[in-house]
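Be aware that the sequence shown starts at 71, since it is given in the numbering used here, and climbs by one per residue.
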Amino acid sequence: MERKEEVIETIDIPVAERKYLKETNPKFKEKFFFIIPLLILLFFVSGLRFSRNSKTNPLKNINFNNANNHDHSILGHLPYNEISKEKLVLIEPNIEVHIDMSESLLQMKEDAKNEGIFLVFLSGYRSINLQNNIFYTLKSKRNQIASERARVSAPPGYSEHSTGFAIDIGDSNKRDTDFDVKFENTDAFRWLKKNAAKYHFKLSFNKNNKNVDYEPWHWRYEGSIDALKVFEASNRNINNAK
Ligand SMILES: [Zn+2]
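Here is the structure:
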């Protein structure tokens, strides 16, 4: 018995010590091997998130800009497709307009005349090519930068005139006010302001427009589904701006 105890004692002590070392080491190693990949994984994930964030910030900016610019406008002008030639009618020499609005426009002119107001049609449909010349030639001639030019003329592809639904109107008795803000002081303008809506015409660029100068002579037709579709984005913008 004594010998057994002795043996146990002598064996136990080093074994216990060794066990202590042997058992803690693997545990530590196990933890170590568990923690290291976890740390690497955490580092990798946080690194990925950081790089993703740094990438999404400019993306967010782009989205923010897009949210403001969801209509794809350029310098305050919305894009418009050119109307197909079959839908255009010549109502006067050099004045072509969309067939949908021709009757209403001529009726408006006739009714104004009956009230002693003489409207003159200055410009109706303009092709994108013509708009291209107007925009770039005049911009260059007048030594203007694009944003300055865009205040008074739409860039090609962005003019309501390309749709056939826009008409520039003057006063037959005040031709010096053609394409001029002074047109708002004419009888023709006063009559239009009072009556144009009856014929489904409205001013496109009023005094509240931030990017495009006030154009009292420029009216657009909104009396058909096609016309309303064409100007839907523009009207949505105006409503959002209110
Ligand atoms: Zn115009």
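We treat Cβ as the ideally placed atom computed from N, Cα and C, and that holds for glycine.
task: Starting from the N-terminal end, write out each residue whose C-beta falls within a distance shorter than 7 Å of any non-hydrogen atom of ligand 1.
output: Ser-193, Glu-230, His-231, Ala-236, Asp-238, Glu-285, Trp-287 and His-288
task: Report yes if the CB atom of Leu-160 is closer than 8 Å to the CB atom of Ile-239, and no otherwise.
output: no
- prompt: Mapping DSSP to helix, strand and coil, what is Lys-272?
  reply: strand
Neighbourhood of Glu-292 by C-beta distance below 7 Å, restricted to the same chain and skipping five residues each side: His-270, Lys-272, Leu-298 and Phe-301
task: Quick one: grab the DSSP three-state call for Leu-145.
output: coil
message: Please list the terminal residues of the continuous alpha helix (DSSP H) segment that includes Arg-245.
response: Counting along the chain, Arg-245 falls outside any alpha helix (DSSP H), and DSSP gives it neither H nor E.
- prompt: Taking the alpha helix (DSSP H) that Ala-236 falls in, what are its first and last residues?
  reply: Per DSSP, Ala-236 belongs to no alpha helix (DSSP H); it is in the beta strand (DSSP E), 236 to 241.
task: Please list, in chain order, all residues of the same chain as Asp-283 whose beta carbon is under 6 Å from its beta carbon, the five residues on each side excluded.
output: Arg-221 and Val-222
task: Starting from the N-terminal side, write out each stretch of the beta strand (DSSP E) that is 3 residues or longer and does not extend beyond the region 213 to 238.
output: none
- prompt: In the DSSP assignment, what are the bridge partners of Ser-174?
  reply: DSSP lists no partner for Ser-174.
task: Go ahead and label Ser-172 buried or exposed: buried means 16 or more other beta carbons lie within 10 angstroms of its beta carbon, across all protein chains shown.
output: buried
query: Does the Cβ of Pro-163 have 16 or more other Cβ atoms within 10 Å, making it buried, or fewer, making it exposed?
result: exposed
Element boundaries [beta strand (DSSP E), containing Trp-317]: The displayed coordinates of the chain run from 71 to 312. Any statement about residue 317 would go beyond what the structure contains.
- request: Would you identify the three-state DSSP class for Phe-205, choosing helix, strand or coil?
  value: helix
query: How about Ala-216 and Leu-145: do their beta carbons lie closer than 8 Å?
result: yes
Opening and closing residue of the beta strand (DSSP E) in which Phe-259 lies: Not the beta strand (DSSP E): Phe-259 falls in the alpha helix (DSSP H), residues 257 to 265.
- request: Leaving out five residues on either side along the sequence, give the residues of the same chain with a beta carbon under 6 Å from the beta carbon of Thr-207.
  value: none
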